[in-house]
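Protein chains in written order, with this note's numbering: chain U, 19 to 597; chain E, 13 to 193.
We put the beta carbon where it would ideally sit given N, CA and C, even for glycine.
Please read the structure below before turning to the comments.
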């Protein structure tokens, strides 16, 4: 790896880490109802919203069931709203290109996808959606779904707070929800959007302009409110693009600077949440252990992907392309990548994006080398390399509860986590939360590969085709939204199957996790003694990491062998053949 | 508030502060829109610099990539076809390795840039076809070369539309000079 690539990666990751610490403290302040700098401006806004919802509704304390029910109701309402807007967009304002109503299957898939922070897209934005739909049915749910994930995590953290006197009460969903929306998401969006516009991202109500080209002919260029969508797309780890090409599109991501900003936006939220966790549960040392494990996985992933893409492929070498960086060109695998990003900014962006469950791409993963593409697939399978807003951290804690249990058995001590006894109910709930994930990936993948309507959508043959399907369901289950885009997902089977996987992947695991939180909240705190298994040590961090890898590997290894690993060896065999 | 208020507010602010980029970075010539500097357009023939191949025929109404896998036979065929077409016009390239971006299609299908190596390679035949001194075309490329951000992030690149507009001005200028003598 060149020094240039190394420094680009190192500086960006360190910068994200540096921002995540104060941002995490700010998150903790917001949730512990402490004063923040922005209260004088935002308090009146919050009060206005509270008045609209009803003041009593935001005061009532909720246990885990109340919290879950109100979350589900809000999300259901939002999902219906998206579905209705998409289904009637021809009759709604700001439809300059006169797009017809979105078909029911696709509207269902899109509603499920956007309300759950997945942002899987079976449509191309510029060829399907009106500007009104882009704002009200895409940008709006991006705020809602990100805030949903985050408040779920916070509710869970509260169950582990020391010196609790509230019994099973976790907080008020609406109160938390509004504070997250205004303080964590809206505020940064307001300031960052103009930077992206300055770099070249359009922000207009004009739907399209026609240009008369230098050599004759015309080109129709769709425009719209792109920049504002772009900021919440990354900050909220959403990932759904205004255009089909997502962040590879020059309007979504015009320059290397905009690329760095978008990369940082994806990372800081999930990273900051770990810091906030430490403060809320009163154990910063444990947060440091978690942060270190997550960061190590991310660093390995990023370097693997960048190195793999920079090495290029035998097919490209055979086609007579330069494969090494030299003066004025980058070498490597440039299929599906943009010149302004080159190899490093492309592979870094996509890897960070699948780690944080954003799913945005600035280069096409389907055309990545087998190792480069597998990095993204594995991160989604583990689903806790920082992970999406809120849920990534929750997944990581589920693995932690497992690790505590296993370690407890090994050394013969009662498993405890943050002063709470881990018993049968907790283990059952944590297992369910974690087992949903492989179940809804592997079963539909196998089904699709055996059914003619599943196989007919493949964009590539052989093991790469298998990877496409495996990738699609992994992405849906992980609420990631990233795609091996060669697969045609806009068929009745994939629209419905993916939507169902998305919904189960989101709500089943969140409910199991909340139930677990509720059960922990109701338990008395046991005093720490010399016999307590310490979780905030490097040793336990290593054990935690091993648990994640062993559980993940055992579950998904067969799928990986048939897909990217088989392709990797075929790829190397073909090097021999060409030589 | 989040669905309409925020976008509309941003549209208002940015239309005032950054009218150029907020409206798509359009390039005008004699009052007519000739393209966007961020969106690739097709150039044909040896008298112009060419952008990268596009999987969507450079149509911004349906951006996207080929999404062909790293071992795909179709990808191999596409690459061979593009290389052969290039060799047919420029036989001196035979046996030479090409810059990584030259015959690979981009992620968006609308990549407005090419690498400097690609531009300098094309400068050879563009200068010859137009009867311009190679040195002045190379200077033109150098003037349009954009460095990575802060000299580190991203890649050095040349915007094809800006380069070709510069080329047009250079050619007009040379012709005017010629007529003056």
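*asked:* Residues in the same chain with beta-carbon distance under 6 Å from residue 131 (chain E), minus the five sequence neighbours each way, listed in chain order, please.
replied: Taking the second chain and counting its residues from 1, one reaches residue 131 (chain E) at position 119. So the list reads 153, 170, once near-sequence residues are dropped.
*For residue 68 (chain E), which residues of its own chain have a beta-carbon under 7 Å away from its beta-carbon, when the five flanking residues on both sides are left out?*
Looking up residue 68 (chain E) in the second chain gives position 56. Once the five neighbours on either side are set aside, the close Cβ partners of residue 68 (chain E) are 74, 75, 76, 121.
_Where residue 171 (chain E) sits in the DSSP three-state scheme_ = Against the second chain, residue 171 (chain E) aligns to sequence position 159. DSSP places residue 171 (chain E) in strand when its eight states are reduced to three.
*Between residue 230 (chain U) and residue 398 (chain U), what straight-line distance do the alpha-carbon atoms span, to the nearest angstrom?*
Start at 1 with the first residue of the first chain, and residue 230 (chain U) comes out as number 212. Start at 1 with the first residue of the first chain, and residue 398 (chain U) comes out as number 380. Each residue's alpha carbon lies about 44 Å from the other.
_Using a Cβ-Cβ distance cut-off of 8 Å, determine whether residue 61 (chain E) contacts chain U._
As a position in the second chain, residue 61 (chain E) is number 49, starting the count at 1. No, because no Cβ of chain U sits closer than 8 Å to the Cβ of residue 61 (chain E).
_Under DSSP, the beta strand (DSSP E) around residue 226 (chain U) begins and ends at which residues?_
Reading the first chain from its first residue, position 208 is the one you call residue 226 (chain U). Per DSSP, residue 226 (chain U) belongs to the beta strand (DSSP E) from 226–230.
*What does residue 182 (chain E) touch in chain U if you count any residue whose Cβ is under 9 Å from its own?*
Your numbering for residue 182 (chain E) matches position 170 in the second chain. Near residue 182 (chain E) there are no residues of chain U at all, since even the closest Cβ is about 14 Å away, more than 9 Å.
*Is it buried or exposed for residue 25 (chain U), if we count other Cβ within 10 angstroms and need 16 for buried?*
Here residue 25 (chain U) is taken as the residue at index 7 of the first chain, counted from 1. Exposed is the call here.
*Give a single yes or no on whether residue 380 (chain U) has its beta carbon closer than 7 Å to a heavy atom of the ligand ATP.*
The ligand ATP is not among the ligands present in this structure, which contains no ligands whatsoever.
_If I measure Cβ to Cβ from residue 119 (chain E) and keep anything under 7 Å in the same chain, skipping five residues before and after, which residues do I get?_
For this step, residue 119 (chain E) is matched to residue 107 along the second chain. For residue 119 (chain E), where only same-chain residues beyond five positions count, the Cβ hits under 7 Å are 77.
*Can you tell me where the beta strand (DSSP E) with residue 16 (chain E) in it begins and where it stops?*
Working through the second chain from its first residue, we reach residue 16 (chain E) at position 4. Note, residue 16 (chain E): premise wrong, no beta strand (DSSP E); not H, not E.
*asked:* Given a cut-off of 8 Å on the beta-carbon distance, is the pair residue 551 (chain U) and residue 426 (chain U) in contact?
replied: Taking the first chain and counting its residues from 1, one reaches residue 551 (chain U) at position 533. Taking the first chain and counting its residues from 1, one reaches residue 426 (chain U) at position 408. Taking 8 Å as the Cβ cut-off, residue 551 (chain U) and residue 426 (chain U) qualify as a contacting pair.
*asked:* So, with DSSP's three-state summary, where would you put residue 160 (chain E)?
replied: One-based indexing of the second chain puts residue 160 (chain E) at position 148. The answer is coil: DSSP assigns residue 160 (chain E) none of H, G, I, E or B.
*Can you check DSSP and say which residues form a bridge with residue 144 (chain U)?*
Taking the first residue of the first chain as 1, we reach residue 144 (chain U) at position 126. DSSP output for residue 144 (chain U) lists no bridge partner at all.
_Nearest-angstrom Cα separation, counted from residue 444 (chain U) out to residue 90 (chain E)_ = As a first step, residue 90 (chain E) must be located in the second chain, where it is residue number 78. As a first step, residue 444 (chain U) must be located in the first chain, where it is residue number 426. If you take the alpha carbons of residue 90 (chain E) and residue 444 (chain U), they lie about 55 Å apart.
_Of the residues U:557, U:220, U:518, the one placed nearest residue 131 (chain U), counting alpha carbons only_ = Position 113 of the first chain holds residue 131 (chain U). For residue 131 (chain U), the nearest C-alpha among the options comes from U:518.
*Pull up the CB-CB distance for residue 350 (chain U) and residue 363 (chain U), whole angstroms please, since I reckon it's below 8 Å.*
As a first step, residue 350 (chain U) is located in the first chain; it is residue number 332 there, counting from the start. As a first step, residue 363 (chain U) is located in the first chain; it is residue number 345 there, counting from the start. Wrong, their Cβ atoms sit about 12 Å apart, outside the cutoff.
*residue 71 (chain E) in three-state terms, based on DSSP*: Your numbering for residue 71 (chain E) matches position 59 in the second chain. Reduced to three states, the DSSP call for residue 71 (chain E) is coil.
*Determine which residues share a DSSP beta bridge with residue 429 (chain U) and list them.*
Looking up residue 429 (chain U) in the first chain gives position 411. Paired residues: none, contrary to the question.
_Between the stretch 116–127 of chain U and the stretch 395–409 of chain U, can you find at least three pairs of beta-carbon atoms closer than 8 Å?_
no
*Hey, residue 129 (chain U) and residue 85 (chain U): beta-carbon distance below 8 Å or not?*
One-based indexing of the first chain puts residue 129 (chain U) at position 111. One-based indexing of the first chain puts residue 85 (chain U) at position 67. Cβ distance not < 8 Å, so residue 129 (chain U) and residue 85 (chain U) don't count as in contact.
*Give, in chain order, every residue of the stretch 97–113 of chain U whose Cβ lies closer than 7 Å to some Cβ of chain E.*
none
*If you follow the beta strand (DSSP E) that residue 520 (chain U) is part of, which residue opens it and which one closes it?*
Translated into the one-based positions of the first chain, residue 520 (chain U) becomes position 502. Counting along the chain, residue 520 (chain U) falls outside any beta strand (DSSP E), though it belongs to the alpha helix (DSSP H) covering 510–521.
*With a 10 Å radius around its C-beta and 16 neighbouring C-beta atoms as the bar for buried, classify residue 555 (chain U) as buried or exposed.*
Along the first chain, one-based indexing puts residue 555 (chain U) at 537. By the 10 Å Cβ count, residue 555 (chain U) comes out exposed.
*So, residue 50 (chain U) versus residue 308 (chain U), is the Cβ gap smaller than 8 Å?*
Translated into the one-based positions of the first chain, residue 50 (chain U) becomes position 32. Translated into the one-based positions of the first chain, residue 308 (chain U) becomes position 290. The answer is no: Cβ separation not under 8 Å.
*Where does residue 7 (chain U) land, buried or exposed, given buried means 16+ other C-beta within 10 angstroms?*
Residue numbering for chain U in the displayed model covers 19 to 597; residue 7 (chain U) lies beyond these limits and cannot be assessed.
*Short check: CB of residue 138 (chain E) to CB of residue 55 (chain E), under 8 Å?*
Position 126 of the second chain, counted from the start, is the residue given in the question as residue 138 (chain E). Position 43 of the second chain, counted from the start, is the residue given in the question as residue 55 (chain E). Contact flag unset, no.
*Do residue 27 (chain U) and residue 514 (chain U) have their C-beta atoms within less than 8 Å of each other?*
Here residue 27 (chain U) refers to the residue found at position 9 when the first chain is read from its first residue. Here residue 514 (chain U) refers to the residue found at position 496 when the first chain is read from its first residue. Not closer than 8 Å, so no.
_Per-residue DSSP class, three states only, for residue 315 (chain U)_ = By one-based count along the first chain, residue 315 (chain U) stands at place 297. It is helical.
*asked:* Quick check on DSSP: helix, strand or coil for residue 330 (chain U)?
replied: For the purposes of this step, residue 330 (chain U) is identified with residue 312 of the first chain, where counting begins at 1. Residue 330 (chain U): coil per DSSP, three-state reduction.
*Is the beta carbon of residue 18 (chain U) less than 8 Å from the beta carbon of residue 523 (chain U)?*
Outside the shown range of chain U (19 to 597) lies residue 18 (chain U), about which nothing can therefore be said.
*chain E within 8 Å of residue 141 (chain U), Cβ atoms only*: Working through the first chain from its first residue, we reach residue 141 (chain U) at position 123. Not an interface residue.
*Quick one, are the C-beta atoms of residue 246 (chain U) and residue 19 (chain E) less than 8 Å apart?*
For this step, residue 246 (chain U) is matched to residue 228 along the first chain. For this step, residue 19 (chain E) is matched to residue 7 along the second chain. A contact, by the Cβ cut-off of 8 Å.
*Taking Cβ to Cβ, would you say residue 337 (chain U) is nearer than 8 Å to residue 95 (chain E)?*
In the first chain, counting from the first residue as 1, residue 337 (chain U) sits at position 319. In the second chain, counting from the first residue as 1, residue 95 (chain E) sits at position 83. Yes, they are a contact pair.
*Start and end residues, alpha helix (DSSP H) containing residue 205 (chain U)*: As a first step, residue 205 (chain U) is located in the first chain; it is residue number 187 there, counting from the start. Element bounds for residue 205 (chain U): 205–217.
*Tell me whether residue 386 (chain U) is buried or exposed, calling it buried when 16 or more other Cβ atoms sit within 10 Å of its Cβ.*
The residue you call residue 386 (chain U) lines up with position 368 of the first chain. The residue is buried, with at least 16 neighbouring Cβ atoms inside 10 Å.
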